[in-house]
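Under the numbering used here, the first residue of the sequence shown carries the number 62, and numbering increases by one thereafter.
Yeah, the Cβ is synthetic: ideal placement off N, Cα and C, and Gly gets one too.
Please read all numbers here as calculations on a predicted model, not as lab measurements.
In what follows, a structure is listed as structure tokens, so that the remarks can point back to it.
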Amino acid sequence: MRPVSPTARKAGAALAALMLSTALTACQPDSSTDATAPTAVPTATNQTGNSTDNPDGSTGGSTASPGGSSNSTDNPGGSGNSTDSPNGSTGGSSNSTGSPCGSTGGSGGSQGDAPRGLESFYSQSIDWKDCSDGTASFQCGTVTVPLDYEHPDGQTITIALKKLAASDGNAEHGSLFLNPGGPGGSGVAMMQVMAPMLTEETRGAYDIIGFDPRGVGQSTPITCWTNDEIKQHLANPSDDAGPTDPLKGVTSTNNPAQNKIDRGTANAARCAQHSQVPELLDHVGTRDVARDLDILRATNGNAKLNYLGTSYGTYIGAIYADLFPAHVGRTVLNAAMNPSRYRTDSDAEVVAFKEATLRQYVEHCQAQNGCPLPGSTDEAIAQLTTFVDGLDKNPLTAPDSNVTVNTQDATAIVQQYAVEKPDWEALTAMLNPAMNKRDGTLMAKAKQSVPDLSPETTVEEAVSSANSEIMFAAVICNDDPDTGGTASEWDAQAAAEKKSYPFFGSTSNAMDAYCRGWGHRGKTPPRETRAKGSAPILVVGIKGDIQTLYSWAQSLAGQLDNGHLLTVEGYGHGAFGTNSCATTAITGFLVNGTMSADGTTCAAEPPPAAAEPQQAAGGAEG
Numbered sequence: 062m063r064p065v066s067p068t069a070r071k072a073g074a075a076l077a078a079l080m081l082s083t084a085l086t087a088c089q090p091d092s093s094t095d096a097t098a099p100t101a102v103p104t105a106t107n108q109t110g111n112s113t114d115n116p117d118g119s120t121g122g123s124t125a126s127p128g129g130s131s132n133s134t135d136n137p138g139g140s141g142n143s144t145d146s147p148n149g150s151t152g153g154s155s156n157s158t159g160s161p162c163g164s165t166g167g168s169g170g171s172q173g174d175a176p177r178g179l180e181s182f183y184s185q186s187i188d189w190k191d192c193s194d195g196t197a198s199f200q201c202g203t204v205t206v207p208l209d210y211e212h213p214d215g216q217t218i219t220i221a222l223k224k225l226a227a228s229d230g231n232a233e234h235g236s237l238f239l240n241p242g243g244p245g246g247s248g249v250a251m252m253q254v255m256a257p258m259l260t261e262e263t264r265g266a267y268d269i270i271g272f273d274p275r276g277v278g279q280s281t282p283i284t285c286w287t288n289d290e291i292k293q294h295l296a297n298p299s300d301d302a303g304p305t306d307p308l309k310g311v312t313s314t315n316n317p318a319q320n321k322i323d324r325g326t327a328n329a330a331r332c333a334q335h336s337q338v339p340e341l342l343d344h345v346g347t348r349d350v351a352r353d354l355d356i357l358r359a360t361n362g363n364a365k366l367n368y369l370g371t372s373y374g375t376y377i378g379a380i381y382a383d384l385f386p387a388h389v390g391r392t393v394l395n396a397a398m399n400p401s402r403y404r405t406d407s408d409a410e411v412v413a414f415k416e417a418t419l420r421q422y423v424e425h426c427q428a429q430n431g432c433p434l435p436g437s438t439d440e441a442i443a444q445l446t447t448f449v450d451g452l453d454k455n456p457l458t459a460p461d462s463n464v465t466v467n468t469q470d471a472t473a474i475v476q477q478y479a480v481e482k483p484d485w486e487a488l489t490a491m492l493n494p495a496m497n498k499r500d501g502t503l504m505a506k507a508k509q510s511v512p513d514l515s516p517e518t519t520v521e522e523a524v525s526s527a528n529s530e531i532m533f534a535a536v537i538c539n540d541d542p543d544t545g546g547t548a549s550e551w552d553a554q555a556a557a558e559k560k561s562y563p564f565f566g567s568t569s570n571a572m573d574a575y576c577r578g579w580g581h582r583g584k585t586p587p588r589e590t591r592a593k594g595s596a597p598i599l600v601v602g603i604k605g606d607i608q609t610l611y612s613w614a615q616s617l618a619g620q621l622d623n624g625h626l627l628t629v630e631g632y633g634h635g636a637f638g639t640n641s642c643a644t645t646a647i648t649g650f651l652v653n654g655t656m657s658a659d660g661t662t663c664a665a666e667p668p669p670a671a672a673e674p675q676q677a678a679g680g681a682e683g
């Protein structure tokens, strides 16, 4: 959902690995499974049954004929034979070797479900080899896809994959595709961390496949700086945005919109100069990624796509389901986004949610001894804001340490401890000496534990970080058409938002301004995602998630023709593997096809302390 440092991505990858530590996808429910009853969901409510029938919906072969044009962005299959499936398919790929879900796919997919003009892409074979990084038990490969799906006979790019083959060598249930989020997150890098966490049951039944979306990592990348420039920046860091921090200042509360526009313009020019395929800047949107994913499904021999996406990975999964509803297998959208909203609107909702929770913290702080925030709630927020904003000119220091705390650092620390993973007592303990004595010891220590603030130390980390941040913005720009705003209008909006939300406000239109300078924009406005006729899709939302608001999960589940919402109390980003109740429910769906009853709610784990927020803020969107 946001650009992160390599350290943060490592933490995210570790979390994703944990989330996948239980058994996952099976092809069809066992005939003995009661599909009308949810699996055991501890402390869950509203447990009335809800049948999912057959989530795969597959009988093994395809009845589709590759017809129609591939020139439509919204109809990738181009077939007029079905109103529910872009491909006109009822059965998926005919490349199955006995499993309704398809084979492991080493010999290439069939052309039976390929849109016209894309047959060669769908039928290619993947040359799986030992990975060059030396990671044992993995295989790596690439798949070729069109740069521009409206012109499939033109230039091509490659998509990198990393596979953990089924331990029994059979993979009777086919493949499970994963995406860790971002945009800009590497599914290939995630796999290495995930491997030790997978259960024997999962490893025996499935090929687990991570992929780098186009522009990311080992796929044909967008590159904006040379390695020499990165080495020079690491050796002599400056205050200017450089290779290791290409979006510096873009989300600053005090940076005029024109500066953000200029940053986008400068970055786009550098990326066009240094990228092997500069035309890729116009073709990294989520719809392109979703169409790539369907080729990955077919070339791995799967009639249906079994998919677990987290954060931005849910955006990919939702768009895929909308474009290819007949190919949806068992799909879980964990920490769901809402593709029907412009980024600016979504960011405004996040700002409001964070500010509301911060106010809860202030009120709690004022009821305790040692709180450095006197006065009314508004006055206290103003004091905290003034203190944090002043740290750029006068950073906090700590005795016997060269670590300093500036405005960006302090903002991230407050967000982490007040809102994201609440530890209100610890935050008060930090702020008291910092605000009263300018003693930054505790905040400097906290800085080292906040993932987003960990600096890159190697060229490899810096290259990965730069690519991740650039791709974060590039995908957003490709997904959202220009709203037509002006720099003066954006500055006025930022000022109004800052007045309403003093601490976190004035940042919602940052990407709108940056994308104006970037210039490589999408043409399809955000719209509701229906996935008409798809198999059941499980949408998961945590009420206290500040990266993907719970209201977004509610909205997406309501939009989907066959969407089902699982609610999780508490805080954090992604519930699978972090909440036992949610993990049980998700696993029951993926393994047995058993969907928890609509309205099921999982209690927070661990239970919230008295000093934690009450989640009354919720989200603005229903």
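Legend entry - Completely contained alpha helix (DSSP H) runs for the segment 318–350, where each covers 4 or more residues: 318–335
Inset, instruction - Return yes when the Cβ of residue 601 is within less than 8 Å of the Cβ of residue 617, no when it is not. - result: no
Legend entry - With 16 other Cβ atoms within 10 Å as the buried cut-off, status of residue 223: buried
Inset, instruction - Taking 8 Å as the cut-off, decide whether the C-beta atoms of residue 367 and residue 272 are in contact. - result: no
Legend entry - Beta-ladder partner(s) of residue 625, from DSSP: 599
Legend entry - residue 477 versus residue 483 - alpha carbon distance: 7 Å
Inset, instruction - Within the same chain, show all residues whose beta-carbon is closer than 8 Å to that of residue 336, passing over the 5 residues directly before and after it, in chain order. - result: 282, 283, 284, 285 and 342
Inset, instruction - Pull up the CB-CB distance for residue 575 and residue 311, whole angstroms please, since I reckon it's below 8 Å. - result: 5 Å
Inset, instruction - With DSSP as the reference, label residue 391 as helix, strand or coil. - result: strand
Inset, instruction - Grab me the residues of residue 538's own chain with a C-beta within less than 7 Å of its C-beta, minus the 5 sequence neighbours each way, in chain order. - result: 576, 579, 581 and 582
Inset, instruction - Rounded to whole angstroms, what's the CA-CA distance from residue 442 to residue 605? Just pull it up for me. - result: 21 Å
Inset, instruction - State buried or exposed for residue 405, treating a residue as buried only when at least 16 other CB atoms are found within 10 Å of its CB. - result: buried
Legend entry - Buried or exposed (CB count within 10 angstroms, at least 16 for buried), residue 424: exposed
Inset, instruction - Grab the span of the beta strand (DSSP E) containing residue 200 for me, first residue to last. - result: 199–207
Inset, instruction - Could you pull out every residue in the same chain whose Cβ sits closer than 8 Å to the Cβ of residue 553, ignoring the five residues on either side in sequence? - result: none
Legend entry - Close-in-space but distant-in-sequence residues of the same chain around residue 563 (CB under 7 Å, 5 per side omitted): 442, 443 and 446
Inset, instruction - Kindly indicate which residue of 489, 501 and 494 has the alpha-carbon position closest to the one of residue 470. - result: 501
Inset, instruction - Assuming residue 620 contacts residue 401 (C-beta within less than 8 Å), just tell me the rounded distance between them. - result: 6 Å
Legend entry - Alpha carbon of residue 590 to alpha carbon of residue 347, nearest angstrom: 13 Å
Legend entry - Whole-angstrom distance between residue 439 and residue 493, CA atom to CA atom: 18 Å
Legend entry - residue 665 beta carbon less than 8 Å from that of residue 624: no
Inset, instruction - Compute the distance between the beta-carbons of residue 206 and residue 383, then report whether it is under 8 Å. - result: no
Inset, instruction - Identify, in the order they occur along the chain, each residue of the same chain with its Cβ nearer than 6 Å to the Cβ of residue 543, setting aside the five sequence neighbours on each side. - result: 582
Legend entry - Test item: CB-CB of residue 191 and residue 200 under 8 Å: yes
Inset, instruction - Between the Cα of residue 636 and those of 608, 174, 655 and 653, spot the shortest distance and give me the residue it belongs to. - result: 608
Inset, instruction - Pull up the DSSP beta-bridge partners for residue 315, would you. - result: BP columns for residue 315 are empty, so no partner.
Legend entry - 6 Å CB neighbourhood of residue 210 in its chain, flanking five on each side removed: 352
Legend entry - Inter-residue Cα distance where the pair is residue 661 and residue 629: 9 Å
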